[in-house]
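Mind the numbering: the sequence shown is residues 186 to 598 in this note's numbering, read in order.
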Amino acid sequence: MLLELAMGLYSGIPLHRQIKELQQKLCLGHDTVSYNLHDLARFYLHPLALLYESSLKKADVLIADETVFPVLEAQGRGKCAKECMDETKLRKQNYLLALTTAASAPEQIFILKYLPSRSAQAISSQITSDFQFNTLVTDGYSAYETILKALGGERKHQSCLIHYRRKLLSALLSSSLLKELHQSALGEKEKLKQMKIRVQQAEPGSCVLICVEALSKLYNLQEAISKEVSQRKQEEYRRRQDSLLTAVDKIMSYQADKICIKTQSGLYKKGVGGGLYSAACAYYMNLRDEFKVFIDDFKVPADSNLVESRLRPVTVLRKNIWYKQSVEYAVDMCDIYSIFKTLELNGIAPVEYLKKYCRSVYGHVLDKAWTEALKDGHDKTKKIGSLDFKHGLEDYDLKPWLPSTYKQLQAES
């Protein structure tokens, strides 16, 4: 029953909605089910989530993103507020960090982690030095640059091209360029002529439009690469993508000299009165080298769309429950989502798999407890006390429960 409830939670259905009738029919206490689900998460699911994370740490490409998820305890509010004594650690906003493998990885892993804040320190507590990735794919958030510098080595950073494209579109939609042409009485030929004049004059709006079109063509080529089996063709498409990015770089560099301000540190910021054009241009210039890392490696995606799409079940739940009361229960939620999403990505039915896993873990801990009890002279006709899952799992082999290993063992049996 608990596994089915966890599945419902993963599907975006809050626990209180699932158990409302159940509590009445079985005369259960108000917190009985939630306490038992908490035990399921910390004793059974948390070790499994750590196993998946250990596999993720070996991935060559890591994709990361964060999403807001309020936890009242961490904000000094709600039922658990008294337990959070250190006011210096209180935060107005809390987050979840999502980490996943690239689509090209042999085993798909998704991990969700609770973050008290979005600081570089908070994120680096989860993306630690034992991660072996060569390339990190994220949006343009500067904290990831700080983390990569701290990790050292030759690790690369691919910044999300889609986030850059969104900034271009915001600038374009806010401009009067398209509106003027649309509302004018000019014919199609005259409109094209006007566009050509604006392009020749390097007018910011027309330059943004060209960059948007270039990125659209780049993504058309990206789709062609994913479907193409010929390596020669893939390499040809990749060279064309490189040419498109080179054109974008020339346009942005030219505009940056006109509408952006270059600081003493070498970074760009938007110029006075530059508006969204200038902001988009500065955003690109500060990340220009990180937008083309994917050109040299087919395993690296051009954006962080994959992790964003895998985060959607979390956003559905957030819309339905708004917040979590305690940090401990937020960690439970992260473990549930990590496991169910990873199993779904690998084509494994979660509830059936977890039934087998939980029974295996319980049997191991129970056998170990009885062995130790009988050694100590315990009467075998009497029950033993509570099972010690913390120490009982120290010698339990979790490796067969990795999705790839599990599927292989299932196929062999």
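Using N, Cα and C, we set each Cβ at its ideal position, and we do this for glycine too. All of these numbers come straight from a predicted model, not from anything done at the bench.
By the C-beta criterion, the stretch 216-236 is judged to be in contact with the stretch 520-540, since at least 3 inter-stretch pairs fall below 8 Å.
Pairing residue 214 with residue 193, the inter-Cα distance amounts to about 20 Å. Closest in C-alpha terms to residue 571, from the list 583, 558, 582 and 579, comes 558. Around residue 328, the same chain offers 305 and 308 as residues with beta carbons nearer than 6 Å, after the five sequence neighbours per side are excluded. Nearest in C-alpha terms to residue 190, of all of 210, 211, 209 and 221, is 221. A straight line joining the alpha-carbon of residue 472 with that of residue 310 spans about 24 Å.
Taking residue 578 as reference, the option from 551, 315 and 427 with the minimal CA-CA separation is 551. A contact between stretches requires three or more CB pairs, one per stretch, nearer than 8 Å, and the stretch 338-352 fails this requirement with the stretch 513-521.
Bounds of the alpha helix (DSSP H) holding residue 553 are 535-560. By the C-beta density criterion, residue 596 is exposed, having fewer than 16 other C-beta atoms within 10 angstroms. Proximity of the stretch 438-445 to the stretch 455-463 meets the contact definition, three or more beta-carbon pairs being nearer than 8 Å. In this structure, 253 is the residue among 291, 276 and 253 with its C-alpha nearest to the C-alpha of residue 298. If you draw a straight line from the Cα of residue 410 to the Cα of residue 484, it comes to about 12 Å. Counting of Cβ neighbours within 10 angstroms places residue 520 among the buried residues, the total reaching 16 or more.
Segment contact: the stretch 273-283 against the stretch 331-346, fewer than three CB-CB distances shorter than 8 Å; contact not assigned.
When C-alpha distances from residue 291 are compared across 234, 501, 246 and 255, the shortest belongs to 246. Counting the other Cβ atoms within 10 Å of the Cβ of residue 439 gives fewer than 16, which makes it exposed. CA-CA distance, residue 530 to residue 285, rounds to 11 Å. According to the DSSP assignment, residue 240 belongs to the alpha helix (DSSP H) that extends over 231-241. DSSP, reduced to helix, strand and coil, places residue 250 within a strand of the structure shown. Under a 10 Å Cβ-count criterion, residue 235 is classified as exposed, with fewer than 16 other Cβ atoms of the shown protein chains found around its own Cβ. Put simply, of 498, 319, 326 and 203 the residue whose alpha carbon is nearest the alpha carbon of residue 303 is 326.
Under the DSSP assignment, residue 572 falls outside any alpha helix (DSSP H); it carries neither an H nor an E label.
In this structure, residue 533 keeps its C-beta atom at 7 Å or more from the C-beta atom of residue 498. Cβ-Cβ distances below 6 Å link residue 583 to 236 in the same chain, with the five nearest sequence neighbours on each side left out; the list follows chain order. Checking the DSSP bridge columns, you'll see residue 455 partnered with 445.
Under the three-state reduction of DSSP, residue 294 is assigned to coil, being neither helix nor strand. Following the DSSP letters along the chain, one finds residue 187 inside the alpha helix (DSSP H) bounded by residues 187-195. The secondary-structure analysis by DSSP pairs residue 282 across a beta bridge with 251 and 298.
Annotation for residue 393: no beta strand (DSSP E) segment contains it, though the alpha helix (DSSP H) segment containing it runs 389-412. Between residue 354 and the set 453, 492, 394 and 337, the nearest pair of CA atoms involves 394. Assigned with DSSP and collapsed to three states, residue 223 falls in helix.
A contact between stretches requires three or more CB pairs, one per stretch, nearer than 8 Å, and the stretch 395-402 meets this requirement with the stretch 426-433. In the structure shown, residue 311 falls within a coil segment according to DSSP collapsed to helix, strand and coil.
An exposed status is given to residue 428, since fewer than 16 other beta-carbon atoms sit within 10 Å of its beta-carbon. Taking C-beta atoms under 8 Å as the contact rule, residue 491 and residue 248 qualify, at a distance of about 6 Å.
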